[in-house]
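If you read the sequence shown in my numbering, its first letter stands for residue 2, the second for the next number, and so on. Don't be surprised by glycine CBs; every beta carbon is placed ideally from N, CA and C. Note that this is a predicted model, so its numbers are computed, not measured.
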Amino acid sequence: MRALVSIFAGLLILISLYQLSFTWFVNKHEKAINVKAVQQVKRSYLSAAQKYPDNKEAQALYQDTMDEALRFRLARLLDSTKDQKITWWGQSYQKAKESELLLGLDLQGGINVTLDVALDGLIKGLANNPKDPLLLKAISAAQTKKLNSDRNFIDLFGEAFREVNPGVKLAPQFANTNRNQLNISASDDQVISYIKGQANAAMGQTFEVLRRRIDKFGVAQPNISLDEDKGIISVELAGATDPERVRKYLQSTANLQFFEVYTLKEPAIVTALQSADKSLETILFGSKQSTVVAPDSGQVNTDTAIARLDTSGKISDSIANANRQNPLFRVLMPAQPYQNEKGQQEYGAIVARSLIKDTGLVNQYLSNPVVRNNFPANAKFLWGKLGRDEQGKPFNFVDFYIIKTIPGKEGAELEGEAIENATQEFDQITNEVNVTMAMTNSGSRTWAKMTERNVGKPIAIVLDDIIYSAPNVIQKIEGGNSRITMGRGGANTQLVVEEAQDLANILKAGKLEAPAKIVHEEIVGPTLGQDAVNGGILSFAIAFAVIFILMVVYYNTAGLVANIALILNLLFTVGVLSALHATLTAPGIAALVLTIGMAVDTNVIIFERIKDELAKGASHEQAIKLGYSRSLPPVLDGHITTLLTAIILFIYGLGPVLGFATTQILGILLSLFCGILVSRLITDAYTNKTRHFKYFTTVSRSIFKNANFQFIKYRKVAYVISVVVLLLGIASIFNGFNEGVEFSGGRSYIVKFDRPQQQEELGKALEKTFGKNPLIKTYGSTSQYDITTDYMIKAEGQSADSVVRNALYTGLKPFLPANATKEEFVSTTKYIQGSKRVDPTISDDLKAGAQWATFWSLLIISIYIFIRFRDWRYSLGTIVSLMHDVLVTLIVFSFLKDVVPFPLEIDQHFIAAILTVIGFSMNDTVVVYDRIREYSTTMKGADKATIINKAINDTLSRTIMTSLTVFLTLLILFLVGGEVTKGFAFAMLVGVITGCYSSIFVAAPILVDFARNRPLGGVDPGKTNPKEPLKKKPALAK
2 MRALVSIFAG LLILISLYQL SFTWFVNKHE KAINVKAVQQ VKRSYLSAAQ
52 KYPDNKEAQA LYQDTMDEAL RFRLARLLDS TKDQKITWWG QSYQKAKESE
102 LLLGLDLQGG INVTLDVALD GLIKGLANNP KDPLLLKAIS AAQTKKLNSD
152 RNFIDLFGEA FREVNPGVKL APQFANTNRN QLNISASDDQ VISYIKGQAN
202 AAMGQTFEVL RRRIDKFGVA QPNISLDEDK GIISVELAGA TDPERVRKYL
252 QSTANLQFFE VYTLKEPAIV TALQSADKSL ETILFGSKQS TVVAPDSGQV
302 NTDTAIARLD TSGKISDSIA NANRQNPLFR VLMPAQPYQN EKGQQEYGAI
352 VARSLIKDTG LVNQYLSNPV VRNNFPANAK FLWGKLGRDE QGKPFNFVDF
402 YIIKTIPGKE GAELEGEAIE NATQEFDQIT NEVNVTMAMT NSGSRTWAKM
452 TERNVGKPIA IVLDDIIYSA PNVIQKIEGG NSRITMGRGG ANTQLVVEEA
502 QDLANILKAG KLEAPAKIVH EEIVGPTLGQ DAVNGGILSF AIAFAVIFIL
552 MVVYYNTAGL VANIALILNL LFTVGVLSAL HATLTAPGIA ALVLTIGMAV
602 DTNVIIFERI KDELAKGASH EQAIKLGYSR SLPPVLDGHI TTLLTAIILF
652 IYGLGPVLGF ATTQILGILL SLFCGILVSR LITDAYTNKT RHFKYFTTVS
702 RSIFKNANFQ FIKYRKVAYV ISVVVLLLGI ASIFNGFNEG VEFSGGRSYI
752 VKFDRPQQQE ELGKALEKTF GKNPLIKTYG STSQYDITTD YMIKAEGQSA
802 DSVVRNALYT GLKPFLPANA TKEEFVSTTK YIQGSKRVDP TISDDLKAGA
852 QWATFWSLLI ISIYIFIRFR DWRYSLGTIV SLMHDVLVTL IVFSFLKDVV
902 PFPLEIDQHF IAAILTVIGF SMNDTVVVYD RIREYSTTMK GADKATIINK
952 AINDTLSRTI MTSLTVFLTL LILFLVGGEV TKGFAFAMLV GVITGCYSSI
1002 FVAAPILVDF ARNRPLGGVD PGKTNPKEPL KKKPALAK
């Protein structure tokens, strides 16, 4: 056994060092390249002070340009060295980079999004009639159910269909369209099974398409994962800095379509617009006579009609003079004709134009059935792609089109499936950036027919219901080539080229069968990431040093054994994380810091038991043997209960919290190996008749020796104290909690100012733009704040994020430097250091998941305790004590939420803390329980109160020490670990204190009150007989 442990430990050391060496080589190479890049930029550019010696504002702007140049140069240099050998054994930089320890987005900056795969559209697509009221009612009910459930959406749909349509079978809704797979007599379960199969296929296809897109996005080591049960896809893009680009890139369904269009050259459309305007006027203001009279729909001269709409020659003038007239044309300005090469007036595909701020109102007007009925039945309204001026600034208006759909068909005559390839090109003659598309043979034939009948007319190229271009067809196009014009070059050429490249990549990757919508988004700027790294490393180093010294001070030379085991535990944990390509996050570093405290707990329990045996007169060899054997059950119980809660957290957690759970699980498993097997190996190798490790010091020799505190006698006093605290706390809970944005839904921004600000003043300013006062908390200092708002959180569309950021800028503008521009505030991380967005749908899922995680943790641990101790009273004590710990922690968070200067939010980090507290609290409790069970068999005739009181006193040293080691590491994490983990560390600190209290004053005393005359559990069959005779007389160990 010793040889096996030695070999396994040796292999783990070699594997861990080998795996971590990649990180060392990569960092060394990147530092050298960074120095080279800095030198090149310095040689190419003057410094900001040299360039603008007396202009601070110009220096700041110039420095931004320098920083961008440095980033560009560094990226180019690193790319040029990707094949360079950087390891001693000839590994290239690119290969070594793939094997380095991955850092989470909260440590290096980047963007993390969760996409919800929309399956309602899939159900409609499979149905015979996607507009059937029975179907739509069931889908709506399923969507409502989904808000408070993490069950599969298809199952919820089946359940909802039966509830809203009792007695109606599903098969008639789907059999005709899917006749090869379903027949009219199929059962509801068969239909749901079929739909679920189609849904899984669609989600798999969506996942693969997104994966192909991300591979072309240009960030190092992207990460994407699919959860089919929840219907979500998680994407991590480390180093990504443009959230708007990411949103477009990921949410685009790539639904490319080619449509014929209506133009103002057609009298019917002119008449329809006039009639729609008049109908709208009647709806809004009554039936007063309008100044615009609809001409005869059958005999309208187009130019005359347009002139009638714009009698002064400029629509804008008539709008300015209008009051209640022309409500539609007030926000939707008809397009003006242009002269063709023959000098004749022509109308292009653009029907009208609207200010961006008015597009929502236009959509509302045109969706009114009375207004809509003025247009042809096959007319569909679409907006064009937002354009930019020569400087790259977006226009404040957008073009309006009317396309011709095919009656009875959802799709277009020609769709994206016909695209075989797409590339970005630059036209040197016209200075235009284009996306050129090549079609399949089938697509080429359809395209030829379509262009032949539309010579002299425009055809709209539509992507995700946005018209990118609508060029006139000059002649029939054969060969299947077409192109999308993205815009002209100029000051914004690079931006347009990037958009064109993204579009080409999206088209090549394929269409999303099931559209994906971002429901959770987190953006971490590089500054916040570096702060998290610095805080994590500092807290880790201090915690390690403190625990290292504490173990030596308290356990003498035996403490060195615990420290060696601790070092190996940390080495193995990080090495295995790297080997598994797992991601180390800020909560993951917190888990490592916590592992420092919990890893030595194994040795604390063993050493305390060895001290007990030495105090009874055992030799060192015998004390070590008995100490390890009799410590094994409580060590295993403590680790298993903590492991169970970590696994539950892994199942229900999301994003960085998964990193905490992963690190904790590895740390727990490796703690068992290092704390038991490696420690025993070192101890046995050193111990013989002439030498041994010392377990006592001057400090620890007399602490808790012969302790005889009357815990059980005063248990009812403790009960009263706990009940009073809980009752007062419940009153505090009615005051509510500060729910984190993950649970409440909304947007959270971490904003950095150039000087300290007053929280109240910020709140008053933002109340004017957001409509109500947002939640504002300091984030590290009074010059940095965490601002949370639910403003526009229910708004649909990708533009909502931009609108909220613009509103945030407007509200905070008086507190920003005078030279701070909107573009700089909204689009960079200079002021907004990080942000998070969570839709209400996913926040409800997260909240429900947290509740279930807590419930399952309590239930599973109580079941485990029942199995281990074979007595329901142990389980009862467990449940009561753990609920006590959870409630007290909740009470503290509720009571202090408006008192302390840092955020106390109920979020995923808090739930991680609660579950960890549940597991850790059991670590103390099972030690006491194990000793109670032991004494129940050795102290025959003693009453239960005496047995339990002695068990508590005899284990008091290890209870205090195990709590102290974890408490110290958490205190250090709280003080220097950074803002990301401050709330987590505070919750854990409260939990450790309450856990220690409940183990002594709640869990154990409950056994007395429920014991009566029955024995407490049975002897653990795996234990050594506690009556085993001693070979030596009692002697004080030295």
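By the criterion of a C-beta distance shorter than 8 angstroms, residue 895 is surrounded in its chain by 730, 733, 734, 736, 737 and 738, once the five residues flanking it on both sides are discounted.
For the pair residue 811 and residue 778, the Cα-to-Cα distance works out to about 19 angstroms. Counting the other CB atoms within 10 Å of its CB gives residue 479 a total below 16, which places it among the exposed residues.
Here residue 428 carries a strand assignment [DSSP, helix/strand/coil]. With a threshold of 16 other beta carbon atoms within 10 Å, residue 2 falls short and is exposed. For residue 710, the number of other beta carbons within 10 angstroms of its own is below 16, and it is reported as exposed.
Under DSSP, residue 402 shares a beta bridge with 383. Counting C-beta pairs with one atom in each stretch, the segment 574-591 and the segment 9-22 have three or more that are closer than 8 angstroms, which means they touch. Within the same chain, and ignoring the five residues on either side of residue 594 in sequence, the residues whose Cβ sits closer than 6 angstroms to its Cβ are 540, 541, 544, 970 and 974.
In the displayed model, residue 259 falls within a strand according to three-state DSSP. In the DSSP assignment, residue 758 falls outside any beta strand (DSSP E) and carries neither an H nor an E. Under the 10 Å beta carbon count, residue 815 is surrounded by fewer than 16 other beta carbons and is classified as exposed.
Using a 10 angstroms sphere on the CB of residue 596, the tally of other CB atoms reaches 16 or more, which defines it as buried.
Taking the CA atoms as reference points, residue 434 sits about 47 angstroms from residue 740.
Cβ contact annotation for residue 807 (same chain, cutoff 8 angstroms, sequence separation greater than five): 823 and 827, in chain order.
Separation of residue 869 and residue 859 (C-alpha to C-alpha, rounded to the nearest whole angstrom) is 15 angstroms.
Going by beta carbons, residue 744 and residue 907 fall inside the 7 angstroms limit. When C-alpha distances from residue 412 are compared across 453, 465, 372 and 367, the shortest belongs to 465. Residue 521 is bridged by DSSP to 115 and 839. DSSP lists 906 as the beta-bridge partner residues of residue 739. Sequence-distant Cβ neighbours of residue 373 in its own chain, meaning closer than 7 angstroms and more than five residues away, are 367.
At least 7 angstroms separates the beta-carbon of residue 431 from that of residue 505. Here the segment 957-964 makes no contact with the segment 526-536; the two share fewer than three CB pairs at distances below 8 angstroms. C-alpha of residue 676 to C-alpha of residue 103: approximately 27 angstroms in a straight line. With 16 or more neighbouring CB atoms inside 10 Å of its own CB, residue 752 falls in the buried class.
Going by C-alpha positions, residue 920 is about 6 angstroms away from residue 646.
Spanning the alpha carbons of residue 169 and residue 243 requires a straight line of approximately 49 angstroms.
For residue 236, the enclosing beta strand (DSSP E) covers residues 233-239. Around the CB of residue 203, 16 or more other CB atoms lie within 10 Å, so the residue is classed as buried. Counting along the chain, residue 361 sits inside the alpha helix (DSSP H) bounded by residues 360-368.
Considering only 407, 426, 448 and 428, the residue with the shortest C-alpha distance to residue 418 is 448.
Secondary structure at residue 228: strand, using DSSP grouped into helix, strand and coil. Secondary structure at residue 423: strand, using DSSP grouped into helix, strand and coil.
Of the residues 1009, 754, 648 and 624, the one whose Cα lies closest to the Cα of residue 695 is 624. With respect to residue 911, residue 988 sits close: the two C-beta atoms are nearer than 7 angstroms. Around the CB of residue 610, 16 or more other CB atoms lie within 10 Å, so the residue is classed as buried.
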